[in-house]
Amino acid sequence: MVSLIPIIFLFHFLSSLFGNAEGAVTFNVLNFGAKPDGKSDATQPFFRAWASACTSSVSSIIYVPKGRYLIKSSEFRGPCKSSIKVQIDGTLIAPMDYRVIGNPDYWILFIQVNQLSVIGGSLDANGAGLWQCKTSGQSCPSGARVRT
Numbered sequence: 000m001v002s003l004i005p006i007i008f009l010f011h012f013l014s015s016l017f018g019n020a021e022g023a024v025t026f027n028v029l030n031f032g033a034k035p036d037g038k039s040d041a042t043q044p045f046f047r048a049w050a051s052a053c054t055s056s057v058s059s060i061i062y063v064p065k066g067r068y069l070i071k072s073s074e075f076r077g078p079c080k081s082s083i084k085v086q087i088d089g090t091l092i093a094p095m096d097y098r099v100i101g102n103p104d105y106w107i108l109f110i111q112v113n114q115l116s117v118i119g120g121s122l123d124a125n126g127a128g129l130w131q132c133k134t135s136g137q138s139c140p141s142g143a144r145v146r147t
């Protein structure tokens with residue numbers, strides 16, 4: 000009689016790499032080079048995860064594990080081939096210096112994307128410096144926002 004343990008292990012291993020019970024493929028931002036230290040720029044790894052999810056012919060999950068991820072001004076553009084769920088178990092943080100974001104009126108923008116869900120996690124826009132500028136009466140940028 001053949002033992003089922005190796006078969007069960009193989010099934011769980013392949014499921015963790017390529018998908019989940021919903022039939023979606025999962026793209027973990029860590030696998031694209033993101034570091035959850037809150038200091039390393041994770042913008043490009045997030046873009047690479049997005050590109051993989053957006054071009055996938057099956058539903059996708061972009062998974063952001065626990066930790067702090069520094070994200071600069073980002074535009075996640077569609078149209079995408081299928082639905083995308085962004086599951087955030089960590090915190091996305093903006094640069095401490097609001098001037099790093101530049102002139103766009105957004106910090107994180109999803110544009111021309113249908114069937115998008117963003118679930119969980121936290122967003123830390125590090126707005127203290129911008130608010131200090133605004134309350135001082137100086138000429139300040141309007142401030143970045145998260146828009147969907």
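Note that numbering that gives the first Met the number 0 gives residue 48 to position 49 of the sequence shown, counting from 1, and the numbers run on in steps of one. Virtual Cβ for every residue (Gly too), placed ideally from N, Cα, C. For clarity, every value in this text was computed on a predicted model and none was experimentally measured.
Option in the options with minimal Cα separation from residue i
i, options, result
"ILE61", "ALA48, ARG67, SER121", "ALA48"
"GLN114", "LYS71, ASP36, ARG76, GLY136", "ARG76"
"ALA52", "PHE31, SER72, TYR68", "PHE31"
"PRO64", "SER81, LYS71, GLY89", "GLY89"
"TYR97", "CYS79, GLY66, ALA124, ALA23", "ALA124"
"MET95", "CYS79, SER116, ALA127", "ALA127"
"VAL24", "PHE109, GLY120, GLN131, SER55", "SER55"
"SER116", "GLN43, SER59, ASN27, VAL28", "SER59"
Contact belief for residue i with residue j at Cβ below 8 Å, rounded distance in angstroms
i, j, result
"PHE45", "SER81", "Contact flag wrong, Cβ pair sits at about 19 Å."
"ILE87", "ILE107", "Actually they are not in contact, since the Cβ atoms of ILE87 and ILE107 sit about 11 Å apart, beyond 8 Å."
"LYS71", "ILE92", "In fact, because the Cβ distance is near 10 Å, the residues do not count as touching under 8 Å."
"ASP104", "ARG67", "That belief does not hold up - the Cβ atoms of ASP104 and ARG67 are roughly 24 Å apart, past 8 Å."
"ALA50", "LEU69", "Actually they do not touch by this definition, with Cβ atoms about 19 Å apart."
Identity of the residues DSSP links to residue i by a beta bridge
i, result
"SER59", "VAL24, ILE83"
"VAL117", "VAL85"
"THR54", "According to DSSP, which records beta bridges pairwise, THR54 is partnered with nothing at all."
"ILE100", "Note: ILE100 sits in no beta bridge, so no partner."
"THR90", "ARG67, SER121"
Per-residue DSSP class, three states only, for residue i
i, result
"THR134", "helix"
"TYR68", "strand"
"GLY77", "coil"
"GLY32", "coil"
"GLY37", "strand"
"GLY126", "coil"
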